[in-house]
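Protein chains: 2
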Amino acid sequence: MGRNRATLADVARRAGLSKTAASMVLNGREGTRLSAEAHQRVFAAAEELGYRPNLAARSLRTRKTATIAFVSDIVATTRFAGGLIRGALDAARERDHVLLITETQGDATFEQYAIEAMLDRQVDGVIYAAMATRRLTVPPAILGGPVVLLNATSADGLPCVLPDDDRAGRSVATALLEHGHRDAIALIGRNRLKEDDPEVSLAARARLRGIQQALGDAGVSLLAECFCTEWLPEHGYAAMRGLLSRPSRPSAVICMNDRLAFGAYQALGEAGLSVPDDISVISFDDDPIAAWLRPSLATTALPHEQMGRRAVELLLDGGAAEPSLVAMPLRRRRSLAPPAG
Amino acid sequence: MGRNRATLADVARRAGLSKTAASMVLNGREGTRLSAEAHQRVFAAAEELGYRPNLAARSLRTRKTATIAFVSDIVATTRFAGGLIRGALDAARERDHVLLITETQGDATFEQYAIEAMLDRQVDGVIYAAMATRRLTVPPAILGGPVVLLNATSADGLPCVLPDDDRAGRSVATALLEHGHRDAIALIGRNRLKEDDPEVSLAARARLRGIQQALGDAGVSLLAECFCTEWLPEHGYAAMRGLLSRPSRPSAVICMNDRLAFGAYQALGEAGLSVPDDISVISFDDDPIAAWLRPSLATTALPHEQMGRRAVELLLDGGAAEPSLVAMPLRRRRSLAPPAG
DNA sequence: AGTGGTCGCTAAACTGATTTAGCAGAGCAT
DNA sequence: ATGCTCTGCTAAATCAGTTTAGCGACCACT
């Protein structure tokens, strides 16, 4: 790999100048008194030789590697992670940086190992990402340099990037109100653990609060709230069946995420009910399935790409200490309609 | 990041030995004549100082970085990619290596840039991954060192890792035969472009061939074959509606991937037909939705994790030149039953 | 003539590791 | 006493850059 690469010494020799001169010219150093002709010769020589600096050698002296560590618990390899990484990659590329990615799988030994491996490679900073939006404790080893938390916060007040779940909750509730739903709105996906323990989730509480605020402002209260032990399709299915067995059927349902909504759709389909004519459905995340469902599912998108991008920007360009909240856009789709009758 | 790290010189000084001695001891060099006591002192000093070698410095000398480039067109950030990366990460970790990940988004300029960025960092080798299993042309820049193609082949005969779609096709067909389906099996997802142009897809042709062979061996031929311009839910939906409008209804349907099957489920649900009592369904990929569908969808899993792992093994441990085929396990689920009546 | 400043450039130190070449001392045979 | 080998260790070169310190030539001014 990369054998036979021309070195700075080669360039200097060809240009008939010293390594010093070549280095300064190629780095565009101000204030050197090298002649225009010297500049020409160096650029020409570099061009002819296809010179590219050896970054290992450079970083040995400068202590900069133009490399960022992206450490995540498990985010790197899930469907939710794609956007985070893509946004980070894009922003990194724009700044001539590159990403060293690892995953700890929630294992402390792996984490320790991963962080050491990154630090040994002299990364310029660390992005520490979590799959579920939550509060976590940052391993002390990475506190020696720049760190940004992605989809997470910590007690240390480190810079962090979070989705604006609170506002998303309000958008979702407001969308239903706008369609005329009022006193027959049900909620699927209440979960004490997620709501009460910030180390488990920050999203559940924020989404719930947003929903409650928007409904409260409109003088509306929820018809029913279903608790779910997990936010998976099967739980949404069970919850929806529960709702349908009650005397008063809801006109609209808010699901705490799209997978619950997927399960809810299944239950509605089996019951012979139509979305949105009988019941409107709206949720959170904008999982790919949301657009595939029939009818397509209205939801608020987790702005993964924006978040990944923001994390890199915060890390390299510096930024505010308070949490950087990224808006979750509402995707208006076919699952919304005014209440029947 | 990593300021104040102890250097080898620090360790040597503390041990009362030369850098040479310290280096040799810490690298476990055979044949040095350093005393047992010298070994002790070096290890103790390294331990006390928390010494970790600076890999930039080491690689300057050794031309090894213990870093692998993972370059993909778009795989890194899609739901399908997770496993590839995870497998690669695991195998890399086991060999004390780390992954530098980039995505080209199919853009030649980005690709050029990404590859240069990796080579500038002296990576030990490149894994070049594609989202769709296909044949591609490798950029010449990476041919200077070890390369492994992941989910792709090339005309250059480079080592590559592919899913065994042919065998998966046979598994799928065989599973239906085992359930007693014979002359009423339909296929959804024929696509000339995918089948005929290896630069678009290798999977379509291989899956089809596997299916045809297994059915042919049993003396069975397909009841119907539906062509789809893409392999998305909407196309599966349309194809299934088409099938149901024909005089003879199939007893089982093979879908070329799970997204098509998802669409087919939707059409079946609307038509009031039951899976698997009225029609069995089986497909390919083992997308997460396959397990979430009701009833759960039988499918053959793309062995992403295994593939990513294999790529790293091939790259670092060397291996056969012929394509390394990874088996696609059959996931037997609820969507299979004997034909009705 | 001597002094000082600017211009255009370079030698050498430095980064932190690995590796080559070789030195000092002990033991042994001649 | 000399030469030889073996043991246990080290000095210095090397990798490919960046950076510091400063050199020689030329000019202007007193």
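These protein sequences, in sequence, are chains P and B. Numbering-wise (our numbering), the first sequence opens with residue 1073 and increments by one. Numbering-wise (our numbering), the second sequence opens with residue 1073 and increments by one. Note that CB positions come from ideal geometry on N, CA and C, so glycine has one too. The structure presented is a predicted model; accordingly, all values stated were derived computationally and were not measured.
Let me confirm a value: residue i is counted as buried when at least 16 other C-beta atoms fall within 10 Å, else exposed. Which label applies?
i, result
"residue 1194/P", "buried"
"residue 1357/B", "buried"
"residue 1072/B", "Since the first and last residues shown for chain B are 1073 and 1413, residue 1072/B lies out of range."
"residue 1087/P", "buried"
"residue 1380/B", "buried"
"residue 1335/B", "buried"
"residue 1184/B", "exposed"
"residue 1377/P", "buried"
"residue 1299/P", "exposed"
"residue 1215/P", "exposed"
"residue 1131/P", "buried"
"residue 1154/B", "buried"
"residue 1134/P", "exposed"
"residue 1168/B", "exposed"
"residue 1411/P", "buried"
"residue 1205/B", "buried"
"residue 1076/B", "exposed"
"residue 1100/P", "exposed"
"residue 1407/B", "buried"
"residue 1344/B", "exposed"
"residue 1290/P", "exposed"
"residue 1243/B", "buried"
"residue 1279/B", "buried"
State the CB to CB distance for the pair residue i and residue j, rounded to an integer number of angstroms; the pair is presumed to be in contact (CB under 8 angstroms).
i, j, result
"residue 1398/B", "residue 1375/B", "5 angstroms"
"residue 1260/P", "residue 1312/P", "7 angstroms"
"residue 1178/B", "residue 1228/B", "Residue 1178/B to residue 1228/B, Cβ: 20 angstroms. No contact."
"residue 1395/B", "residue 1232/B", "5 angstroms"
"residue 1223/P", "residue 1234/P", "7 angstroms"
"residue 1382/B", "residue 1274/B", "Not really, about 17 angstroms apart at Cβ, beyond 8 angstroms."
"residue 1121/B", "residue 1078/B", "4 angstroms"
"residue 1256/P", "residue 1322/P", "5 angstroms"
I want to verify the contact list: residues of chain P whose CB lies under 7 angstroms from the CB of residue i, in sequence order.
i, result
"residue 1341/B", "1341"
"residue 1314/B", "The contacting residues do not exist; residue 1314/B stays about 16 angstroms from chain P at best."
"residue 1325/B", "Under the 7 angstroms cutoff, chain P gives no residues; its nearest Cβ is about 18 angstroms from residue 1325/B."
"residue 1338/B", "1366"
"residue 1305/B", "1364"
Who pairs with residue i in a beta bridge, going by DSSP?
i, result
"residue 1371/B", "1355/B, 1403/B"
"residue 1144/P", "1175/P, 1201/P"
"residue 1207/P", "1225/P"
"residue 1326/B", "1259/B, 1354/B"
"residue 1396/P", "1233/P"
"residue 1219/P", "1198/P"
"residue 1170/P", "1139/P"
So residue i contacts chain B; which residues on that side make the cut at Cβ distance below 9 angstroms?
i, result
"residue 1375/P", "Within chain B, no residue comes near residue 1375/P; the closest Cβ sits about 14 angstroms away, beyond 9 angstroms."
"residue 1172/P", "1139, 1170, 1171, 1172, 1173"
"residue 1086/P", "Near residue 1086/P there are no residues of chain B at all, since even the closest Cβ is about 20 angstroms away, more than 9 angstroms."
Listing by chain order, which chain B residues have their CB less than 7 angstroms from the CB of residue i?
i, result
"residue 1352/P", "Those within 7 angstroms of residue 1352/P in chain B number zero; the least Cβ separation is about 19 angstroms."
"residue 1188/P", "1124"
"residue 1361/P", "1361"
"residue 1334/P", "1364"
"residue 1129/P", "1132"
For residue i, which residues in chain P fall below 8 angstroms Cβ to Cβ?
i, result
"residue 1126/B", "1132, 1192, 1194"
"residue 1283/B", "Neighbours of residue 1283/B on chain P: none; closest Cβ ~25 angstroms, over 8 angstroms."
"residue 1370/B", "Near residue 1370/B there are no residues of chain P at all, since even the closest Cβ is about 17 angstroms away, more than 8 angstroms."
Applying a beta-carbon distance threshold of less than 9 angstroms, which residues of chain P neighbour residue i?
i, result
"residue 1230/B", "Ordered by position in chain P, no residue passes the 9 angstroms Cβ test against residue 1230/B, which lies about 14 angstroms from the chain."
What residues from chain B crowd round residue i, counting only those whose CB sits closer than 8 angstroms?
i, result
"residue 1185/P", "1165"
Along the chain, which unbroken stretches of the alpha helix (DSSP H) at least 4 residues long are found entirely within the region 1253-1303 of chain B?
Qualifying alpha helix (DSSP H) stretches, in chain order: 1264-1268, 1275-1289.
Entirely enclosed beta strand (DSSP E) segments - the region 1081-1139 of chain P, minimum 3 residues:
Taking only runs of at least 3 residues, no beta strand (DSSP E) segment lies wholly in the region 1081-1139 of chain P.
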